[in-house]
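Visitor:
4 protein chains.
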Amino acid sequence: MDIVSLQQRAREIIEPGAYDYYAGGADDEVTLVENETAWQALRLRPHVLRDVSGVDPSTTVLGQPVRTPVLLAPAAYQRMAHDEGETATARGAAAAGTLMCVSTLATVTLEDVATAAPGAPRWFQLYVRKDRVWTAELIARAKASGYTALVLTVDVPVLGRRRRDEKNKFTLPTGLTMANVGTAPPKVEGSGLAAYADSELDASLTFDDIGWLGGLSGLPVVIKGVLRGDDAVDAVAAGAAGIVVSNHGARQLDTTVTTAFALREVAEAVGDRAEVYVDGGIRRGTDVVKAVALGARAVFIGRPMLWGLANGGAKGVEDVVTELTEEVVRALMLCGAARLDDVGADLLA
Amino acid sequence: MDIVSLQQRAREIIEPGAYDYYAGGADDEVTLVENETAWQALRLRPHVLRDVSGVDPSTTVLGQPVRTPVLLAPAAYQRMAHDEGETATARGAAAAGTLMCVSTLATVTLEDVATAAPGAPRWFQLYVRKDRVWTAELIARAKASGYTALVLTVDVPVLGRRRRDEKNKFTLPTGLTMANVGTAPPKVEGSGLAAYADSELDASLTFDDIGWLGGLSGLPVVIKGVLRGDDAVDAVAAGAAGIVVSNHGARQLDTTVTTAFALREVAEAVGDRAEVYVDGGIRRGTDVVKAVALGARAVFIGRPMLWGLANGGAKGVEDVVTELTEEVVRALMLCGAARLDDVGADLLA
Amino acid sequence: MDIVSLQQRAREIIEPGAYDYYAGGADDEVTLVENETAWQALRLRPHVLRDVSGVDPSTTVLGQPVRTPVLLAPAAYQRMAHDEGETATARGAAAAGTLMCVSTLATVTLEDVATAAPGAPRWFQLYVRKDRVWTAELIARAKASGYTALVLTVDVPVLGRRRRDEKNKFTLPTGLTMANVGTAPPKVEGSGLAAYADSELDASLTFDDIGWLGGLSGLPVVIKGVLRGDDAVDAVAAGAAGIVVSNHGARQLDTTVTTAFALREVAEAVGDRAEVYVDGGIRRGTDVVKAVALGARAVFIGRPMLWGLANGGAKGVEDVVTELTEEVVRALMLCGAARLDDVGADLLA
Amino acid sequence: MDIVSLQQRAREIIEPGAYDYYAGGADDEVTLVENETAWQALRLRPHVLRDVSGVDPSTTVLGQPVRTPVLLAPAAYQRMAHDEGETATARGAAAAGTLMCVSTLATVTLEDVATAAPGAPRWFQLYVRKDRVWTAELIARAKASGYTALVLTVDVPVLGRRRRDEKNKFTLPTGLTMANVGTAPPKVEGSGLAAYADSELDASLTFDDIGWLGGLSGLPVVIKGVLRGDDAVDAVAAGAAGIVVSNHGARQLDTTVTTAFALREVAEAVGDRAEVYVDGGIRRGTDVVKAVALGARAVFIGRPMLWGLANGGAKGVEDVVTELTEEVVRALMLCGAARLDDVGADLLA
């Protein structure tokens with residue numbers, strides 16, 4: 253089943269406020285739409301008459317082998333989509349041979365997620381709370397549980413205006429918590445998450461904190477939420493091992509450049525000094541191949557993963573990744589590329 | 253409540269002919285739509301990892317401090333939106349810490365507007381009537397009432413064809429007058445305002461009149477209605493202290509360049525020799541930040557102010573400014589800018 | 253009443269097959285739509301603070317004074333729109349102070365049109381029939397009746413596929429004839445006009461025929477239907493006194509460049525060596541000003557004239573020209589131009 | 253009847269699953285739509301005052317004379333459209349004076365197609381099966397039956413995802429077979445054709461195989477499915493006599509460049525070293541003229557041929573070609589071109 257169909261079914265399964273939380277974007281949702289159309293609008297110039305009989309979509313990310321360039325993004329609150337939440341996602345990721353990035357705002361503790369799929373590659377997404385002591389403890393827990401990189405989200409000095417959540421007075425359903433934090437967002441007029449984020453998250457974060465995180469953890473630090481080449485270069489200079497080109501799924505600042513647009517600039521600026529990934533609007537195998545052509549080593553999917561999770565738990569997540577990877581394989585063959593390394597910038601018009 | 257919702261409610265409150273007067277534009281209303289979409293179509297390249305914990309949206313305009321770059325435009329006939337009209341707007345502006353520009357065509361005398369919010373910054377918008385003696389007296393009244401700048405509207409040598417007003421045979425409701433003038437527009441076939449403007453306003457105004465106004469009043473003169481760099485430069489050379497890039501809310505000449513488009517050219521041409529402002533189509537905090545990135549010192553809002561006024565009088569006006577300013581603050585933070593001065597041209601793609 | 257409203261009313265007045273003949277275009281009517289939107293899509297950069305109190309839209313065409321740059325195009329078969337047909341149009345043109353171009357395919361003889369408005373300026377549009385003797389006689393009749401220029405249509409070596417006419421099996425209603433020719437198009441499967449044109453009109457016409465026509469008639473020759481600078485230059489070199497940039501109202505070849513697009517190229521190529529006019533899609537005073545900014549000396553209107561004719565005969569034609577001229581005047585003033593000569597290329601973005 | 257109308261009628265005649273097979277494209281069918289709109293979006297700059305009284309649309313392809321530049325594409329499975337299938341198409345092609353390219357996947361043997369129209373020009377489209385011996389035998393049969401060129405399809409190393417076929421579980425109706433192969437695609441979950449193609453067709457084909465085919469057959473080899481200049485140059489260097497710019501009717505890789513876009517690049521890269529043809533989205537005579545202006549020697553039509561075949565068998569195919577050729581003739585005349593050789597690149601804006 254393709255992603256559009258999955259989403260339609262997920263909409264019937266998930267509670268409306270939770271669905272809106274997953275599906276919605278900031279303000280007028282201009283970028284929400286455009287993230288997707290930007291990939292679709294890129295035009296391919298496929299090669300022919302290359303031997304693609306041994307096509308192989310596998311790669312590595314920060315040295316870890318994965319069977320597909322389709323990685324799982326650190327979406328929050330996954331138990332709203334399926335009762336098993338992040339543990340199901342972890343098992344699905346392992347089955348599909350991909351990497352999962354677990355959110356600070358998971359509804360299952362990072363330790364339980366690790367236990368659910370012990371041998372599978374996993375990274376930990378970090379929000380830095382004003383309480384730096386607590387933040388340091390969280391990082392230590394992640395390292396102890398076998399997470400092999402920290403993915404620092406840098407595009408939330410304040411939460412974006414998500415009008416759907418404000419209207420829905422969004423908070424977690426009764427019984428769910430931000431398990432790593434131990435609490436749920438408050439029940440308020442407007443968005444409970446906004447109230448939480450604006451009071452707890454650190455708006456004074458700078459490039460200097462990259463070094464702090466690296467030193468503290470001994471883990472490679474990936475910076476998520478970059479849309480400019482100069483910022484990416486500064487992040488790498490400050491020690492970042494990877495950059496996720498992202499506008500937070502269009503949930504923070506509306507009318508930014510699309511991630512497809514920003515990827516080209518960031519990848520050119522960074523060159524070989526760090527790995528570059530991208531998320532936002534990836535819905536087809538051709539989107540993945542286009543991202544690789546623009547310089548991405550791999551892509552993250554967020555909403556498609558949630559629709560899969562809602563539809564079938566771990567199996568649903570596995571199926572989404574497998575189906576999208578099958579599309580990647582076919583797109584590679586039809587582009588005359590047997591491996592991701594064969595995909596060059598000239599593949600795009 | 254955001255501006256789209258406010259407008260929908262205002263449409264139910266305001267008398268239809270008056271609503272059309274406020275909401276409508278010239279001819280086919282191409283520019284009316286495009287003024288808004290032009291801001292939305294600009295793409296942001298936000299910075300990350302800047303310390304924005306001390307964000308502050310305040311600025312000054314011609315030396316006067318304001319708590320926000322969102323200023324109030326000189327819309328005519330405000331008592332059609334709310335019984336207290338311009339006096340309510342003045343109190344709302346003062347409460348929100350912004351500047352109000354009062355129209356020659358106000359439905360409350362400029363003296364009464366001044367009295368309503370004595371300590372608040374206020375400018376006076378001027379139409380030059382053929383009767384220059386009367387015009388000089390009007391300027392003297394404005395100066396005596398503490399208006400600190402004259403905003404000369406230069407894009408009405410003749411009134412634009414506002415088809416809605418023609419169809420509605422628009423004039424002021426019984427009981428309202430152009431209080432500074434002492435009369436109401438005539439009741440005629442077509443637009444009464446067009447009949448008034450075409451017979452009374454001076455179509456022979458030139459750049460030389462800027463000096464005349466400055467000398468006469470001893471006040472700084474701001475030229476409103478400029479869409480070209482060369483005209484802006486000529487106005488500054490003739491003594492203008494400020495330029496409002498404006499197409500009169502798309503009410504005069506249809507299919508002009510949008511104000512977002514013209515702003516870049518005007519700001520580059522003027523440089524530091526005068527302050528540049530802009531109005532037309534500003535509906536989101538991101539629009540304001542984009543205007544600043546293009547070179548504006550501040551923006552004016554017209555219709556949003558009227559929708560606020562209709563919905564809640566002084567409090568409604570205050571709320572519109574406060575809400576939009578909150579959006580500006582959030583947009584600044586999400587762009588990595590702690591102050592308006594941190595917003596550069598590179599923020600736009 | 254503006255042109256859109258006039259057209260809606262005309263549609264109710266005119267017989268459906270005749271309406272389709274007037275309103276329709278070739279093939280998929282891509283250019284029919286685009287001719288109009290191309291003018292609307294041009295963006296104006298109006299000047300301010302020019303003295304426009306003495307605004308005057310008058311001009312001359314080939315030396316003949318007209319009170320407006322809005323001329324009347326040589327539309328065929330005008331008695332389908334109104335019983336008085338071309339004679340009414342001639343009286344309306346005279347009343348409005350403009351020039352009428354009478355079609356070879358008029359439903360009133362060129363002599364009767366001349367008699368209807370003896371003192372008014374008139375040009376004669378010419379189709380060259382394979383029968384050159386007949387053509388020469390027609391030219392002699394036009395000269396004898398006081399037509400002061402020949403407008404040679406060059407874009408009909410074969411008729412365009414007008415799908416509406418084919419479906420309607422279009423021919424003239426009973427009682428009407430091509431009065432200059434003395435017959436009506438045949439009744440056939442498909443378009444009767446196509447059958448007539450393909451059998452009678454000369455597909456071997458070349459630039460050499462311009463000299464033939466000039467020598468034969470002693471009249472200035474205007475070439476109508478040019479869309480390229482090189483063709484215009486060749487026509488002028490062959491003796492043309494004027495060029496009408498036209499795609500025949502989008503009735504011949506679909507998906508050509510728009511006339512607004514072609515005008516710039518043609519006007520630049522021709523320079524001062526001949527007068528350049530344009531038709532196709534002009535619906536607003538701003539369109540006329542834009543055409544002048546692109547290098548046109550005047551414009552022709554076809555369908556708007558027919559809608560006026562259908563609505564009110566001679567008075568209807570007069571009203572359309574007068575209303576459009578009033579829009580031109582207002583657009584000039586709002587652009588800071590007191591005369592057509594003040595309109596420069598810099599008025600467009 | 254024009255092609256849109258023919259398609260509507262064909263939709264009522266053909267069995268829904270077969271109609272979807274013909275009409276559909278890969279994935280989101282972005283390119284399916286865009287192939288057509290790309291031709292329509294090109295703008296013509298017609299010449300006037302050329303003698304076009306002797307207009308002639310005939311040409312040659314690889315030396316064989318054809319009365320029209322509209323050739324018939326190698327669509328598979330034509331007996332789904334009409335009981336006589338490819339034999340009817342062959343007779344229609346002969347009557348219209350054009351060339352037919354017969355598919356490997358025809359539902360009539362290549363020998364029977366040849367017999368149906370013995371004197372008419374015909375090429376054979378080749379899919380290379382992994383079984384090269386069988387492939388060589390197929391080529392020998394084609395040569396023995398008078399096919400004068402091999403058209404090697406190079407854009408199917410794997411089948412595209414045709415969602416309609418997957419949903420319909422597409423296979424051939426009972427009683428029909430791939431007559432040259434002797435079997436029908438399997439009945440499976442998803443597309444039976446995809447199952448067949450993925451198991452049988454050779455994904456290891458390279459440029460070297462062009463020489464193999466040429467040597468084996470002694471026939472000129474035309475490479476079909478090229479979208480890039482560099483691939484076209486490599487194919488010519490490897491011995492190709494012709495290139496068909498094609499994205500397989502948008503049935504393989506979605507969001508490729510359109511064939512109109514690719515044609516310009518390919519034609520410029522190849523120059524005079526080989527003939528260049530194009531297919532995909534040609535629906536009007538103007539599309540054909542535009543293709544010639546971009547460098548095509550002739551065009552292929554696929555779906556329009558099938559709609560004609562469905563509507564009227566051999567006569568229906570003949571009518572489609574004749575009607576489209578009549579449109580080509582008219583477009584040539586209206587562009588001032590008496591022959592295809594008169595159509596230059598300057599005809600496009």
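Protein chains in written order, with this note's numbering: chain A, 253 to 601; chain B, 253 to 601; chain C, 253 to 601; chain D, 253 to 601. We put the CB at the ideal spot given by N, CA and C, even for glycine.
(1) For leucine 457(A) and leucine 378(A), I'd like the C-alpha separation in whole angstroms.
(2) For valine 497(B) and valine 485(D), I'd like the C-alpha separation in whole angstroms.
(3) Mind checking valine 385(D): buried by the 16 CB within 10 Å criterion, or exposed?
(4) Should glycine 596(B) be labelled buried (16 or more other beta-carbon atoms within 10 Å of its own) or exposed?
(5) Taking the beta strand (DSSP E) that aspartate 531(C) belongs to, which residues open and close that run?
(6) To the nearest angstrom, how far is the alpha carbon of aspartate 383(B) from that of alanine 436(B)?
(7) Can you look up arginine 591(A) in the DSSP assignment and give me helix, strand or coil?
(8) Comparing the C-beta of glutamine 377(B) with each C-beta of chain C, is any distance below 8 Å?
(9) Please tell me whether serine 305(B) has its Cβ less than 8 Å away from any Cβ of chain C.
(10) Note down the Cα distance separating glutamate 286(A) from glutamate 281(D), rounded to an integer number of angstroms.
(11) Counting contacts by CB-CB distance shorter than 8 Å, is glutamine 292(A) in contact with chain D?
(12) With distances taken from CA atoms, which of Gly398(A), Val406(A), Leu505(A), Pro409(A) is nearest alanine 283(A)?
(13) Answer with yes or no whether the minimum CB distance from glutamate 286(B) to chain A is below 8 Å.
(14) Less than 7 Å between C-beta atoms, sequence neighbours within five positions excluded: which residues of the same chain meet that for glutamate 579(A)?
(15) Closer than 8 Å, CB to CB, is arginine 480(A) near chain B or not?
(16) Indicate whether at least one CB of chain C lies closer than 8 Å to the CB of alanine 548(D).
(17) Taking Cβ-Cβ distances shorter than 7 Å, what residues in chain A pair up with phenylalanine 459(D)?
(18) Just checking my contact of alanine 388(D) with leucine 468(D) at CB under 8 Å: how many whole Å lie between their CB atoms?
(19) Can you grab the Cα-Cα spacing for the pair threonine 289(B) / isoleucine 534(B), in whole Å?
(20) Taking only beta-carbon positions, decide if arginine 591(C) is within less than 8 Å of chain B.
(21) Check whether the region 413–421 of chain C touches the region 471–485 of chain C, counting contact only when three or more Cβ pairs, one atom from each stretch, lie closer than 8 Å.
(22) Methionine 585(A) and leucine 324(A) - do their beta-carbons sit closer together than 8 Å?
(23) Can you give me the C-alpha to C-alpha distance between leucine 390(C) and threonine 361(C), rounded to a whole angstrom?
(24) Taking the alpha carbon of glutamine 359(A) as the point to measure from, which residue in Leu351(A), Ala342(A), Met253(A) has its own alpha carbon closest?
(25) To the nearest angstrom, report how far apart histidine 299(A) and valine 307(A) are at their CA atoms.
(26) Beta-carbon within less than 6 Å of alanine 346(C)'s beta-carbon, same chain only, minus the 5 sequence neighbours each way: which residues are those?
(27) Spatial neighbours of glycine 349(A) within its chain, please: CB distance less than 7 Å, with the 5 preceding and 5 following residues excluded, ordered by chain position.
(28) Taking C-beta pairs closer than 8 Å, name the residues in chain A that leucine 601(B) reaches, listed in chain order.
(29) What residues from the region 431–448 of chain D come within 9 Å of chain C, judged by C-beta to C-beta, listed N to C?
(30) Between threonine 311(B) and leucine 592(B), is the Cβ-Cβ spacing less than 8 Å?
(31) Measuring CA to CA, which of Asp539(A), Gln260(A), Ala521(A), Ala543(A) is closest to tyrosine 529(A)?
(32) In terms of residue numbering, what span does the beta strand (DSSP E) encompassing threonine 311(D) cover?
(33) What's the call for lysine 419(D), buried or exposed, on a 16-neighbour Cβ count within 10 Å?
(34) Under the rule that 16 or more other beta-carbon atoms within 10 Å means buried, what is glutamate 575(B), buried or exposed?
(35) In chain order, which continuous runs of the alpha helix (DSSP H) of length 4 or greater are located wholly inside the region 537–568 of chain D?
(36) Would the beta-carbon of phenylalanine 552(A) fall within 8 Å of that of aspartate 531(A)?
Guide: Per the coordinate set shown:
(1) Your numbering for residue 457(A) matches position 205 in the first sequence. Your numbering for residue 378(A) matches position 126 in the first sequence. Rounded to the nearest angstrom, the two C-alpha atoms are 12 Å apart.
(2) In the second sequence, counting from the first residue as 1, residue 497(B) sits at position 245. In the fourth sequence, counting from the first residue as 1, residue 485(D) sits at position 233. So the two alpha carbons sit approximately 54 Å from each other.
(3) Here residue 385(D) corresponds to residue number 133 of the fourth sequence, with the count starting at 1. So valine 385(D) ends up on the exposed side.
(4) The count along the second sequence starts at 1 and reaches residue 596(B) at position 344. The residue is exposed, with fewer than 16 neighbouring Cβ atoms inside 10 Å.
(5) Within the third sequence, the letter at position 279 stands for residue 531(C). Its beta strand (DSSP E) spans residues 527–531.
(6) Sequence index remark: in the second sequence, residue 383(B) carries index 131 (1-based). Sequence index remark: in the second sequence, residue 436(B) carries index 184 (1-based). C-alpha separation (whole angstroms): 17 Å.
(7) Along the first sequence, read from residue 1 onward, the residue named residue 591(A) stands at position 339. Here arginine 591(A) sits in strand by DSSP.
(8) Taking the second sequence and counting its residues from 1, one reaches residue 377(B) at position 125. With 8 Å as the cut-off, glutamine 377(B) does not count as an interface residue toward chain C.
(9) As a working note, residue 305(B) is residue 53 in the second sequence. Answer no: the Cβ-Cβ gap between serine 305(B) and chain C never drops below 8 Å.
(10) Counting from 1 along the first sequence, the entry for residue 286(A) is found at position 34. Counting from 1 along the fourth sequence, the entry for residue 281(D) is found at position 29. Glutamate 286(A) and glutamate 281(D): Cα-Cα distance of roughly 18 Å.
(11) Numbered from 1 along the first sequence, position 40 holds the residue referred to as residue 292(A). At least one C-beta of chain D is nearer than 8 Å to the C-beta of glutamine 292(A).
(12) Start at 1 with the first residue of the first sequence, and residue 283(A) comes out as number 31. The sequence as given places threonine at residue 283(A); alanine does not occur at that position. Selected option, being the one with the closest Cα: Leu505(A).
(13) For this step, residue 286(B) is matched to residue 34 along the second sequence. Not one chain A Cβ lies under 8 Å of glutamate 286(B).
(14) As a working mapping, residue 579(A) is identified with position 327 in the first sequence. Once the five neighbours on either side are set aside, the close Cβ partners of glutamate 579(A) are Arg536, Gly537.
(15) One-based indexing of the first sequence puts residue 480(A) at position 228. Arginine 480(A) counts as touching chain B.
(16) The residue labelled residue 548(D) in the question sits at position 296 within the fourth sequence. No, no contact with chain C.
(17) Here residue 459(D) corresponds to residue number 207 of the fourth sequence, with the count starting at 1. Under the 7 Å cutoff, chain A gives Leu301.
(18) The residue given as residue 388(D) occupies position 136 in the fourth sequence. The residue given as residue 468(D) occupies position 216 in the fourth sequence. At roughly 6 Å, the Cβ-Cβ gap stays under 8 Å, so alanine 388(D) and leucine 468(D) are in contact.
(19) Here the question's residue 289(B) lines up with position 37 in the second sequence. Here the question's residue 534(B) lines up with position 282 in the second sequence. In a straight line, the C-alpha of threonine 289(B) is about 10 Å away from that of isoleucine 534(B).
(20) As a working note, residue 591(C) is residue 339 in the third sequence. Cβ-Cβ to chain B under 8 Å: no for arginine 591(C).
(21) no
(22) Numbered from its first residue, the first sequence carries residue 324(A) at position 72. Numbered from its first residue, the first sequence carries residue 585(A) at position 333. No, these two residues do not count as a Cβ contact at 8 Å.
(23) On the third sequence, residue 390(C) is found 138 positions in, with the first residue counted as 1. On the third sequence, residue 361(C) is found 109 positions in, with the first residue counted as 1. Rounded to the nearest angstrom, the two C-alpha atoms are 11 Å apart.
(24) As a first step, residue 359(A) must be located in the first sequence, where it is residue number 107. The sequence given here places threonine at residue 359(A); glutamine does not occur at that position. Per the Cα distances, Ala342(A).
(25) As a working mapping, residue 299(A) is identified with position 47 in the first sequence. As a working mapping, residue 307(A) is identified with position 55 in the first sequence. One C-alpha to the other measures close to 14 Å.
(26) Stepping through the third sequence from its first residue, residue 346(C) is reached at position 94. Once the five neighbours on either side are set aside, the close Cβ partners of alanine 346(C) are Ala369, Ala372.
(27) Counted from its first residue, the first sequence places residue 349(A) at position 97. Contacts found: Val318, Arg319, Thr320.
(28) As a working mapping, residue 601(B) is identified with position 349 in the second sequence. Looking at the sequence provided, one finds alanine at residue 601(B) rather than leucine. Contact note: alanine 601(B) reaches chain A through Val509, Phe513, using a C-beta cutoff of 8 Å and chain order.
(29) So nothing in the stretch comes that close.
(30) Numbered from 1 along the second sequence, position 59 holds the residue referred to as residue 311(B). Numbered from 1 along the second sequence, position 340 holds the residue referred to as residue 592(B). With a cutoff of 8 Å on beta-carbon distance, threonine 311(B) and leucine 592(B) are scored as near each other.
(31) Within the first sequence, residue 529(A) is the residue found at index 277, counting from 1. With distances taken between Cα atoms, tyrosine 529(A) lies closest to Ala543(A).
(32) On the fourth sequence, position 59 is the one that residue 311(D) refers to. 311–313 is the extent of the beta strand (DSSP E) around threonine 311(D).
(33) Sequence index remark: in the fourth sequence, residue 419(D) carries index 167 (1-based). By the 10 Å Cβ count, lysine 419(D) comes out exposed.
(34) Taking the second sequence and counting its residues from 1, the one referred to as residue 575(B) is at position 323. Classification of glutamate 575(B): buried, given that the 10 Å Cβ count is 16 or more.
(35) 537–545
(36) Along the first sequence, one-based indexing puts residue 552(A) at 300. Along the first sequence, one-based indexing puts residue 531(A) at 279. Yes.
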